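To start, the structure under review is shown below, and the notes come after it.
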Amino acid sequence: MARFPALLATLLCACYVRAVAVPSTPPSGAVSVDPSLVSVSIEFFAFPGYTNITGSNNCLANLATLRGAQPAIRIGGTTQDRATYDSSLQTSVNYTVASPADAPTTLTYGPSFFSLANGLKGDVTIGLNRQLNNQANSLSAGAQAKSSVSRLLALELGNEPDLYSSSSPIASGTGWSNSIDISNEANWFTALAPTLGNIFQGAVYLSWSTSTLISSIGSAGLATIKTISRHSYPQSACGGASTNLPSLMSHSGIVSYVSQYKAEATAAHNAGKKFFLGETNSATCGGGGISPTFGAALWIVDYVLQSALIGVDRLYFHHGTIGNCAYCWWGTSAVYSPYYGAAFVSEFLGTDGATLATLDSGTSAIATYAVYSSARAPLRLLVVNTNYFDGTGTRASTSVAFSGLSGSTKAAKRLTAPDATSRTDEGALVTIGGNGTFSSACVGQGTQAIESVAVSAGALTVSVLASEALIVYL
Ligand SMILES: *[C@@H]1O[C@H](CO)[C@@H](O)[C@H](O)[C@H]1NC(C)=O
Ligand SMILES: *[C@@H]1O[C@H](CO)[C@@H](O)[C@H](O)[C@H]1NC(C)=O
Ligand SMILES: *[C@@H]1O[C@H](CO)[C@@H](O)[C@H](O)[C@H]1NC(C)=O
């Protein structure tokens, strides 16, 4: 009978305490973090429209302020391979669609497309067409990009060639495969490099391994490649496939998912190239109901950091058709739940964060991280409780006891929402620091509250609810 009250207390508390020692310098496995780790991809045809939205500038500027560096922008996607450059076109893009929710099946674009790209404040990567097999056209577009866009980082030639088929014009009726694509990338890169420079973003694969391209493209082709891009979508709603929010946001699930890219990142780095998830987001084909949620915001926080740990230099979160984009961070006059994750992880990394370390084994639902300064001192801790709370029943909490600290009190800031399914576009309140939100034009508003956490004998304990995250400032 003596055990009964203790059992009852455990059931009522629904909490769990874990102990985490904070290394005083970056531990083994810690990685240096690119200042533009959190970056943005914009669908090719929609890019001019995005420059017309106040939220675009403000949402990017907020991330730049929090991290101290501009997010990089990649302009590309499926419609880059449907686009033809027209040097006499007076508008940035020209196409017709039956409904504003549609992406065009064909389009032209003119020189002012690149003037708009020159207005971006971060590194710019632009995706040009390869599928239509008009090399002269992509060369003239690339030359215009080079002369117009002062922050041009790289040019892609083709998007997701793994999805090309033997009926694609580039296949010239002779079939299509990974090995054919690799020799085709080599041919195009080496043909265009004398004019455009060694400026290409290679691979741009959705399902093929970028390591195979690096090992078999040959030294002449490899020399023209500046960066390597792999596309990554953990889930899909295509063809009626079902999506699952608890599995999207699961910490152990994210660790396992991201590990598939480690060998590719290593191969790119060994070849002296940056490795990017050059187009990524939560779920393709409309998001299956999970993409616009607060759970997706928590996924972003953990996915960004786990990707950095296995060697991803940048993640470019994709933005599609304005007004028809479940995983977008913002729209014409709205900021969506996932953006809060992008802002929170940018705040955690901060303007001074240089090195990132995980403090857990990646096997539970609780993610713990530390970020260190360039002087190797711990700056901030992060807890992400990825246990799924859907708004029904009791919301469990987990306590994390950090040790190895100094001082007597620390500040903390919380990212929270009513539950993992909360959507700002359905009126739910997602907050940073209890009251911090973003206006419809992506201007930060509300006073963010700082929680005070007592340090006793070099240790502090924080409690984080299921489907919630917390930063501790050291
Ligand atoms: C930008 O907005 C203006 C006014 O709202 C509109 O006339 C114009 O067509 C828009 N341009 C693009 C590229 O969306
Ligand atoms: C724009 O595209 C339409 C077809 O969608 C075409 O009829 C029209 O001539 C084009 N305009 C220009 C200026 O190229
Ligand atoms: C939250 O911020 C709003 C401004 O957006 C302010 O009016 C309100 O007083 C704040 N509430 C709290 C509890 O801090």
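The sequence shown lines up with residues -19 to -1, 1 to 455 when you count with mature numbering (1 follows the signal peptide of the UniProt record, and there is no 0).
Quick reminder that beta carbons are idealized off the backbone N, C-alpha and C, glycines included.
Values in this document were obtained by computation on a predicted structure and should not be read as measured data.
- Residues near A338 by beta carbon distance below 6 Å, same chain, minus five either side: As a first step, residue 338 must be located in the sequence shown, where it is residue number 357. Shown here for A338: same chain residues with a beta carbon closer than 6 Å to its own, the five before and five after excluded, namely P7, P8, A11, A351 in chain order.
- Message: Let me check understanding here. Comparing Cα to Cα, which of T428, S121, V453 lies closest to T349?
- Response: Stepping through the sequence shown from its first residue, residue 349 is reached at position 368. Answer by Cα proximity: V453.
- Message: Pairs of beta-carbons, one from the segment 254 to 265 and one from the segment 320 to 334, closer than 8 Å: are there three or more?
- Response: Judged by Cβ distances under 8 Å, the segment 254 to 265 makes no contact with the segment 320 to 334, as fewer than three pairs qualify.
- Would you say S190 faces chain D, with C-beta separation under 8 Å as the test? Here there is only one protein chain, and chain D is not present.
- Task: Report the three-state DSSP secondary structure of E166 (helix, strand or coil).
- Result: The sequence position of residue 166 within the sequence shown is 185, counting from 1. It is helical.
- Just the C-alpha distance for N165 and F181, rounded to the nearest angstrom, thanks. The residue labelled residue 165 in the question sits at position 184 within the sequence shown. The residue labelled residue 181 in the question sits at position 200 within the sequence shown. Answer to the nearest angstrom: the Cα atoms are 13 Å apart.
- Any heavy atom of ligand 2 within a distance shorter than 7 Å of the CB on T89? Within the sequence shown, residue 89 is the residue found at index 108, counting from 1. Under cutoff, so the answer is yes.
- Alpha carbon to alpha carbon, what distance is there between A167 and Y317? For the purposes of this step, residue 317 is identified with residue 336 of the sequence shown, where counting begins at 1. For the purposes of this step, residue 167 is identified with residue 186 of the sequence shown, where counting begins at 1. Between Y317 and A167, the C-alpha separation is close to 40 Å.
- Query: Taking 7 Å as the cut-off, does the CB of Y454 come closer than this to any heavy atom belonging to ligand 2?
  - Reply: Counting from 1 along the sequence shown, the entry for residue 454 is found at position 473. Checking every heavy atom of ligand 2 against the Cβ of Y454, none is found closer than 7 Å.
- Message: I need the DSSP call for S13, collapsed to helix, strand or coil.
- Response: In the sequence shown, the residue the question calls residue 13 occupies position 32. When secondary structure is reduced to three states using DSSP, S13 falls in the strand class.
- Task: Drop a sphere of 10 angstroms on the beta-carbon of L410, count the other beta-carbons inside from all chains shown, and report buried for 16 or more, exposed for fewer.
- Result: Stepping through the sequence shown from its first residue, residue 410 is reached at position 429. By the 10 Å Cβ count, L410 comes out exposed.
- Query: Considering only the beta carbon of each residue, do I413 and L396 sit closer than 8 Å?
  - Reply: As a position in the sequence shown, residue 413 is number 432, starting the count at 1. As a position in the sequence shown, residue 396 is number 415, starting the count at 1. It is a contact, given that the beta carbons lie within the stated cut-off.
- Task: Check whether the Cβ atoms of T86 and A53 sit closer than 8 Å, and answer yes or no.
- Result: Numbered from 1 along the sequence shown, position 105 holds the residue referred to as residue 86. Numbered from 1 along the sequence shown, position 72 holds the residue referred to as residue 53. No; because the gap between Cβ atoms is not below 8 Å, this pair is not in contact.
- Compare the C-alpha of A307 against each of H250, F329, I271, R357 and name the closest. Within the sequence shown, the letter at position 326 stands for residue 307. For the residues H250, F329, I271, R357, the minimum Cα distance to A307 belongs to I271.
- Query: Is it right to say P81 is buried, meaning 16 or more other beta carbons lie within 10 angstroms of its own, or is it exposed?
  - Reply: Translated into the one-based positions of the sequence shown, residue 81 becomes position 100. The Cβ neighbour count for P81, taken over all protein chains shown within 10 Å, is under 16; the residue is labelled exposed.
- Beta carbon shell of ligand 2 at less than 5 Å from a heavy atom: N75, T77
- Just reading off the beta strand (DSSP E) that S129 is part of, what are its end residues? Here residue 129 refers to the residue found at position 148 of the sequence shown. Run containing S129: none in the beta strand (DSSP E); it sits in the alpha helix (DSSP H), 116 to 129.
- Message: Between which two residues does the beta strand (DSSP E) holding E89 run?
- Response: What you label residue 89 is simply residue 108 of the sequence shown in a count that begins at 1. First, the amino acid is wrong: residue 89 is Thr here, not Glu. Looking at the DSSP string, the run of the beta strand (DSSP E) that includes T89 is 88 to 90.
- Answer yes or no: do A346 and F370 have a C-beta to C-beta separation smaller than 8 Å? Taking the first residue of the sequence shown as position 1, residue 346 is located at position 365. Taking the first residue of the sequence shown as position 1, residue 370 is located at position 389. Cβ distance not < 8 Å, so A346 and F370 don't count as in contact.
- Query: Taking the alpha helix (DSSP H) that Y242 falls in, what are its first and last residues?
  - Reply: Here residue 242 refers to the residue found at position 261 when the sequence shown is read from its first residue. Segment: none, Y242 is in no alpha helix (DSSP H) and carries neither H nor E.
- Item | T6 (DSSP reduced to helix, strand or coil) | Within the sequence shown, the letter at position 25 stands for residue 6. Coil, per DSSP.
- Task: Using the Cα positions of A117 and S378, report the straight-line distance between them to the nearest angstrom.
- Result: Taking the first residue of the sequence shown as position 1, residue 117 is located at position 136. Taking the first residue of the sequence shown as position 1, residue 378 is located at position 397. The straight-line gap from Cα to Cα measures roughly 60 Å.
- Endpoints, beta strand (DSSP E) assigned at N38: Walking along the sequence shown from the start, residue 38 turns up at place 57. That residue, N38, is in no beta strand (DSSP E); its alpha helix (DSSP H) goes 35 to 48.
- Unbroken beta strand (DSSP E) run spanning A307, endpoints: Locating residue 307 in the sequence shown gives position 326, where the first residue counts as 1. No beta strand (DSSP E) contains A307, which DSSP labels as neither H nor E.
- Item | Unbroken stretches of the beta strand (DSSP E), 3 residues or longer, contained in the segment 165 to 237 | 181 to 186, 206 to 213
- Query: Is it right to say N368 is buried, meaning 16 or more other beta carbons lie within 10 angstroms of its own, or is it exposed?
  - Reply: Here the question's residue 368 lines up with position 387 in the sequence shown. The residue is buried, with at least 16 neighbouring Cβ atoms inside 10 Å.
- Task: Specify the secondary structure class of A435 as computed by DSSP and reduced to three states.
- Result: Here the question's residue 435 lines up with position 454 in the sequence shown. Of the three classes helix, strand and coil, the one that applies to A435 here is strand, per DSSP.
- Rounded to the nearest angstrom, how far is the Cβ of A218 from that of G267, given a contact under 8 Å? Here the question's residue 218 lines up with position 237 in the sequence shown. Here the question's residue 267 lines up with position 286 in the sequence shown. The pair is a contact, with the Cβ atoms about 5 Å apart (cut-off 8 Å).
- Item | Bridge partners - T106, DSSP secondary structure assignment | As a working note, residue 106 is residue 125 in the sequence shown. R55, A135, per the DSSP bridge assignment.
- Message: Whole angstroms are fine: how far does the CA of S231 sit from the CA of W280?
- Response: Translated into positions along the sequence shown, residue 280 becomes position 299. Translated into positions along the sequence shown, residue 231 becomes position 250. Cα to Cα, the separation comes out at about 8 Å.
- Message: Since D162 and L113 should fall inside the 8 Å C-beta cutoff, what is the C-beta to C-beta distance between them, to a whole number of angstroms?
- Response: Within the sequence shown, the letter at position 181 stands for residue 162. Within the sequence shown, the letter at position 132 stands for residue 113. 15 Å between Cβ atoms; not a contact.
- Item | Coarse secondary structure for G322, derived from DSSP in three states | On the sequence shown, position 341 is the one that residue 322 refers to. In the structure shown, G322 falls within a helical segment according to DSSP collapsed to helix, strand and coil.
- Task: Taking P359 as part of the beta strand (DSSP E), name the residues at either end of that continuous run.
- Result: Taking the first residue of the sequence shown as position 1, residue 359 is located at position 378. That run of the beta strand (DSSP E) goes 359 to 366.
- Message: Determine whether the beta carbon atoms of G427 and N43 lie at a separation below 8 Å.
- Response: Locating residue 427 in the sequence shown gives position 446, where the first residue counts as 1. Locating residue 43 in the sequence shown gives position 62, where the first residue counts as 1. In this structure, N43 does not lie closer than 8 Å to G427 by Cβ.
- Item | Helix, strand or coil at T302 [DSSP, three-state] | Taking the first residue of the sequence shown as 1, we reach residue 302 at position 321. Reduced to three states, the DSSP call for T302 is coil.
- Just mark A222 as buried or exposed, buried being the case when its beta carbon has 16 or more other beta carbons within 10 Å. Mapped onto the sequence shown, residue 222 falls at position 241. Exposed is the call here.
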